[in-house]
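Below is one structure, written out as structure tokens, with a few remarks after it.
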Amino acid sequence: MARDLPSGRVTFAFTDVVGSTRAFAEHGEVYAAALGPLQETIARHTAAHGGAVVKTEGDGAFLAFPTAGAAVEALVAAQGEIEIAPPEGLHLRIRAGAHTGEAEPIDDDYLAFAVHVAARVSSTAGAGQLVVSQAVIDDLPAPVGTRVGEFVLKDIDGVTALWQVVGDDSPLRAQTARRTNVSATRTSFVGRDHDLRNLAKLTREPGLVTVLGPGGLGKTRLVTELALAEAPQRPGGAWLVELASVSEPTEVLPAVASVLGLSGTPSIDAVAAELRSRGEAILVVDNCEHVIESAADLAVELLERCPAVRLVCTSREPLMVSGEQVLRLTRLTGAPSAHELEDGEPVTGSTSPAQRLFIDRAQSGGAVIDRADTAAITHLCELLDGLPLALELAAAQAAHLPLAELVSGIESGELELRRRGGAARQRSLDDLVRWSLDLVPPEDRIAAQALSLLPGRFSAAMAEEILQAVPGARRLAAPRLVRQSLLDLDGDEFRMLVTVRQVARAELAAQPQLEESAHQAVFDWAVAHAPVRVAASNVSLDELRTSESAFAWGRQQSRPGIGRILLHLSYALLSRGTGGHTRDLAEGILDDPTPETLDEVRLYVAALKLVIGLGTGRDSEVDRLLGLLRITEAGDDEALHLLAASLTGSLLDRAGRYAEARAVRGVVIDAARGPEHSSLLAGELTNVGVAHHLAGEFAAAEAAYREGWAVAAPDDVNSVICRANLGELMVDTGRFEEAAEHLRAALPDARRFPVMAGAMIAELVGAEVGRGAVEQARTLARQAERELAYVVAADPSLQYVADRMREALASIDD
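Residues 1 to 814 in UniProt numbering are what the sequence shown spells out, letter by letter.
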């Protein structure tokens, strides 16, 4: 007669005696005598909880329970009783396991998949242990025991989560179901959340994704985070193959095979078969750049054989295979949000990824950082190009050095950022960059060394022109260096990271002959691109910095042509109100003996123009300059002669020799009438206008200003000066409405020249006050006050502009 066995949702359990074969062999009849009471104990507790002994076989029992709770209570009670050693006879111990699933009894037995799972779960337990599956736990009112983890059970697809309800902490007898070989990271993941989302999106479909960037940019950390995040979601897991230690192309395939658990000398077919057997998987191959050809071949072979695999590679350059998607990492950028902090408040976060990374790592190392440090941290992040490895190395020093000393040491190059442990190339920035440079061909490395002399961004044409003059350098190396992550492509210009530049420049300095050739090539470029008059708005600040550097080298080496560079710089730097080191060099030139050749005069005139323009008095030079006019007049450089004459007129004015000044100016104006000298003519007309303006001859002043404005090119600083002076004259003559309209129309062009823009806003304040627009005047004044500090610092002679504005504002209050 069939028994009334549980049906529907059933919890199955298996028990068996641990070490039964040896016990029977050693104890024979004693074992048989002990087995009967043990089976009776199991049957009694099963029946007491509404369960049934489906059948027994040897020393094992197959049990069924109507609920998970009944099964757990019965098995816990049975284990508890059996674990107590009898006063005499043999002590047998059992293992027990349970699983819950859907089942119906058939012929007083069960034929259900849940039965097989329960048997596999039971096989994982040890003596005295009760192990149950997640399905059992899910059917309980509350979890019991301890979740041990996920395991691979024989012949059961996927992984099974197991819980230990009773027993000691002996490891379960099953293979841990790790879907990744990536260890959990010990530090927080900072600044790359957007990149991680993008990478995850790119790996939704099968194929190849290559993460690109220079060393130290965080490629490995990014793909590690991807593997940890994606492994639980992928049936085949996520597996990391590290190629940094691989030195030969033939070692790439064995490295992949080893990670996948294949031994011997496996073929690509064996590796592909193993990947296919795992189902949908992510295979991450890190650091491909030094074995790029083999890595590319591997990618092609695997993608052809494994249609479901997601292959993610990291490299300094693309693998250049069909279907490759590229995720190019950029440096961490941004500025700290100090406005969110109170004085003395610890810095805990920022809108800047670079800032957050540095602060996080520094505070983890014991450094105390507050709002007062934000400016220094911003500067430090800029010095280190927002490179994550550099920021982490610097942060490691923050607990041992005052932040100001840390920044100073990095800026001077005296402090080497280094750490212990890890891959050798990752222990310092210099090691990392040298390792990258070791991977490029010699002609590209020489090119990188030569380009390290360029202090900022540069165009492809500029790089090509310089490199073609450097022996051994590849003329078209710049795009290749971008591909090898030694240059950044910023819009349509290139840029070398400071960290790369420092190492490349040090390598260049160790090769005196090459260094001189590279400096000469940059110098020749600066001479060739130094026209007498340059509209400063058409010259980038980076090009100016290159010209300044070339001029400093040429001055030190006494190279012919430095006068042309300085003449170019004098126009461009004056329009920006900057000078710095170049002004100091110019001061030194004026202290040299009186020039004798035309090139020496050109250098002297350029230096004098720069020094006078930046507000340094050199009135005593007037007589020497008058004498030099004979040399410039006899030479073949008319523009130089007119410039020297123009400077002479300015110095004569400053010396109070007005008649001589007017005579010289008249000659200059007559000679400069023509498109080739329009900027100089506009400048002279401005000076004439100022003289009339100061004398109260307003009609003549306005005529000079308007003519200067008309003859100058729109992007010429002298055009802006004429318009600013004209606006000032309108204010002085009470034409406030006209002045306000005129100055507002001129401001967009003036924005290219910060000094003039600041002065023009200040004059506009006076115009607004004069026409009664008090609130507009006050609003503009607040803006102007910020800019005037820069204006006066750049050109002290413009202090009167600030004074005029403040007088106009004071008249409102009065």
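By construction, the Cβ of each residue, glycine as well, lies at the ideal position given by its N, Cα and C atoms. Computed from a predicted structure; not experimentally measured.
Inset, instruction - Tell me whether Met760 is buried or exposed, calling it buried when 16 or more other Cβ atoms sit within 10 Å of its Cβ. - result: Met760 should be labelled buried.
Legend entry - Residue from Gly207, Arg564, Ala34 and Val522 whose Cα sits closest to the Cα of Ser549: Val522
Legend entry - Closest Cα partner of Asp769 within the set Asp732, Pro754, Leu747 and Val792: Before going on, a small fix: residue 769 reads as Val here, not Asp. Nearest C-alpha to Val769: Asp732.
Inset, instruction - Would you tell me roughly how many angstroms separate the C-alpha atoms of Val144 and Gly264, rounded to the nearest one? - result: 44 Å
Legend entry - Same chain, Cβ closer than 7 Å to Thr314, neighbours up to 5 away in sequence not counted: Val211, Lys219, Thr220, Val223, Asp286, Asn287 and Cys288
Legend entry - Close beta carbons around Ala661, own chain, < 7 Å, minus the five adjacent residues each side: Gly649, Leu652 and Asp653
Inset, instruction - Kindly provide the ranges of any alpha helix (DSSP H) runs that are 4 or more residues long and lie completely inside the UniProt domain "Guanylate cyclase" (11 to 122), ordered along the chain. - result: 20 to 27, 29 to 48 and 68 to 82
Inset, instruction - Could you check the C-alpha separation between Phe14 and Ala227 for me, to the nearest Å? - result: 37 Å
Inset, instruction - Use the C-beta contact count for Leu694: other C-beta atoms within 10 angstroms, 16 or more gives buried, fewer gives exposed. - result: exposed
Inset, instruction - Would you mind stating whether Phe65 and Pro105 have Cβ atoms separated by less than 8 Å? - result: no
Inset, instruction - Go ahead and label Phe494 buried or exposed: buried means 16 or more other beta carbons lie within 10 angstroms of its beta carbon, across all protein chains shown. - result: buried
Legend entry - Which listed residue (Gly588, Thr632 and Leu569) has its alpha carbon closest to that of Thr597: Thr632
Legend entry - Local Cβ density within 10 Å of Ser797, reported as buried at 16 or more and exposed below that: exposed
Inset, instruction - Look at the Cβ atom of Leu332, then the Cβ atom of Gly191, and state whether they are nearer than 8 Å. - result: yes
Legend entry - Pair within 8 Å by beta-carbon distance, Ala48 and Ala68: No. Outside cutoff.
Legend entry - Beta-carbon proximity check, Val611 vs Arg602, cutoff 8 Å: no
Legend entry - Buried/exposed call for Ile42, threshold 16 Cβ in 10 Å: So Ile42 ends up on the buried side.
Legend entry - Integer Cβ distance of Ala119 from Ala96, believed to fall under 8 Å: Contact flag wrong, Cβ pair sits at about 12 Å.
Legend entry - Boundaries (first-last residue) of the beta strand (DSSP E) holding Phe753: Careful: Phe753 lies outside any beta strand (DSSP E) and carries neither H nor E.
Inset, instruction - Identify every residue that forms a DSSP beta bridge with Trp239. - result: Leu283
Legend entry - Assigned exposure category for Ser258 - 16 Cβ within 10 Å defines buried: exposed
Legend entry - Cutoff 7 Å; reference Asp155; Cβ partners in own chain excluding five residues on either side: Take Asp155, set aside five residues on each side of it, and no residue of its chain has a beta-carbon closer than 7 Å to its own.
Legend entry - Coil, strand or helix - Thr124 by DSSP: coil
Inset, instruction - Check the DSSP bridge columns for Gln175 and list the partner residues they point to. - result: Val152
Legend entry - Counterpart residues of residue 862 in DSSP-defined beta bridges: This structure cannot settle anything about residue 862, because the visible part of the chain is limited to 1 through 814.
Legend entry - Sub-8 Å separation of Ala295 and Leu327 beta-carbons: no
Inset, instruction - Consult DSSP for Val532 and reduce its assignment to one of helix, strand or coil. - result: Interpretation of Val532 is limited by its pLDDT of 47, a score under 50 that renders its predicted location unreliable; no figure is taken from the coordinates.
Legend entry - N- and C-terminal bounds of the alpha helix (DSSP H) containing Val407: Leu403 to Ser412
Legend entry - Buried/exposed call for Glu600, threshold 16 Cβ in 10 Å: buried
Inset, instruction - Counting only the same chain and skipping the five closest in sequence on each side, list residues whose C-beta sits under 8 Å from that of Pro141. - result: Gly69
Legend entry - Outcome for Ser247 when other beta-carbon atoms lying within 10 angstroms are tallied against a minimum of 16: exposed
Inset, instruction - Would you decide whether residue 822 is buried or exposed? Buried here means 16 or more other CB atoms lie within 10 Å of its CB. - result: In this structure the chain extends from 1 to 814, so residue 822 is not present and cannot be described.
Inset, instruction - Provide the residue span of the alpha helix (DSSP H) that contains Gln557, from first to last. - result: Leu541 to Gln557
Inset, instruction - Kindly provide the ranges of any alpha helix (DSSP H) runs that are 4 or more residues long and lie completely inside the region 731 to 806, ordered along the chain. - result: Runs of the alpha helix (DSSP H) inside the region 731 to 806: 736 to 750, 754 to 770 and 774 to 794.
Legend entry - Per-residue DSSP class, three states only, for Val309: coil
Inset, instruction - Would you tell me roughly how many angstroms separate the C-alpha atoms of Arg412 and Arg316, rounded to the nearest one? - result: Inspection of the sequence shows that residue 412 is occupied by Ser rather than by Arg. When rounded, the distance between both Cα atoms is 28 Å.
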